[in-house]
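To keep things clear, I will list the structure first and then write my remarks on it.
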Amino acid sequence: MNNPDEIIIRGKPPVTPPQGQTWRDMMDVAMRQGYLARNKGEVPIGAALFSQDGEILGTGSNSPVSDHDPSAHAEIKCLRSACNNLNNYRLPQGTILAVTLEPCIMCLGAIIHARVAGIIFGAPDPKAGAVVSNMEGTDLTFTNHKFWVLGGVRADECRTMLQSFFLQKRK
696 MNNPDEIIIR
706 GKPPVTPPQG
716 QTWRDMMDVA
726 MRQGYLARNK
736 GEVPIGAALF
746 SQDGEILGTG
756 SNSPVSDHDP
766 SAHAEIKCLR
776 SACNNLNNYR
786 LPQGTILAVT
796 LEPCIMCLGA
806 IIHARVAGII
816 FGAPDPKAGA
826 VVSNMEGTDL
836 TFTNHKFWVL
846 GGVRADECRT
856 MLQSFFLQKR
866 K
């Protein structure tokens, strides 16, 4: 991945987003969750899970510090929320996870086990991203579930949200 502002595609994302949504609208929901995390003093990462019909099934904001839980990433909390709402550990076909930052390897495992159909993310994560930046999470030969990826959706805004948080923390 050479240009951090490029649109990244892996697999075969749908040509159009779910009914009544745009990719930007879906990222808006995730970004609102990121701002909730920031307001709690957490790294501003947010996630939202959508059904193939565009319904929000769950949301999550980053909270490993306040929850004293290293697994309390936005994606994990979002998947937990959706699975609790649906009373099932596996998600319905066609679900799409929108997340402000490229998922890490822990979140990638949860995404695979929950059977998420596709991921849209904002900013790539050159340090810990496990979907496209440091490994090709969509091409793991040992997994029995594959998903598609559309990265770079509102990348500048997602990156700015993270950078401004860390600049403020360092003051």
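Per my numbering, the sequence shown starts with residue 696, numbered consecutively.
From the three backbone atoms N, C-alpha and C, an ideal C-beta is built for every residue, glycine too.
These numbers come from a predicted model, not from an experiment.
Tell me which same chain residues have a C-beta within less than 6 Å of the C-beta of Cys-773, skipping the five on either side of it? What you label residue 773 is simply residue 78 of the sequence shown in a count that begins at 1. Correct list, in chain order: Ala-742, Leu-744, Gly-753, Thr-754 and Gly-755.
For Asn-757, count neighbouring C-beta atoms within 10 Å of its own C-beta (all shown protein chains included) and say buried if the count is 16 or more, exposed if not. Residue 757 sits at position 62 when you count from the first residue of the sequence shown. Buried, since its Cβ has 16 or more Cβ neighbours within 10 Å.
Could you tell me the alpha carbon to alpha carbon distance between Gln-863 and Gly-813, rounded to whole angstroms? Sequence index remark: in the sequence shown, residue 863 carries index 168 (1-based). Sequence index remark: in the sequence shown, residue 813 carries index 118 (1-based). Between the C-alpha atoms of Gln-863 and Gly-813 there is a straight-line separation of about 33 Å.
Can you name, in chain order, every residue of its own chain whose Cβ lies under 8 Å from the Cβ of Asn-697, other than the five neighbours on each side? Numbered from 1 along the sequence shown, position 2 holds the residue referred to as residue 697. Note that Asn-697 has pLDDT 47, beneath the 50 cutoff, so the model's placement of it is unreliable and the number below is only indicative. Answer for Asn-697: no residue qualifies.
Compute the distance between the beta-carbons of Gly-729 and Met-856, then report whether it is under 9 Å. If you number the sequence shown from 1, residue 729 lands on position 34. If you number the sequence shown from 1, residue 856 lands on position 161. Result yes, Cβ atoms of Gly-729 and Met-856 sit closer than 9 Å.
Cβ-based neighbour list, Lys-822, same chain, cut-off 7 Å, excluding 5 preceding and 5 following: Here the question's residue 822 lines up with position 127 in the sequence shown. Cβ neighbours of Lys-822 within its own chain (closer than 7 Å, five residues either side excluded): none.
Are the CB atoms of Cys-802 and Ala-825 within a distance shorter than 9 Å? The residue given as residue 825 occupies position 130 in the sequence shown. The residue given as residue 802 occupies position 107 in the sequence shown. Between Ala-825 and Cys-802, the C-beta spacing is below 9 Å.
How is Gly-741 classed by DSSP in three states: helix, strand or coil? In the sequence shown, counting from the first residue as 1, residue 741 sits at position 46. Three-state result, Gly-741: strand.
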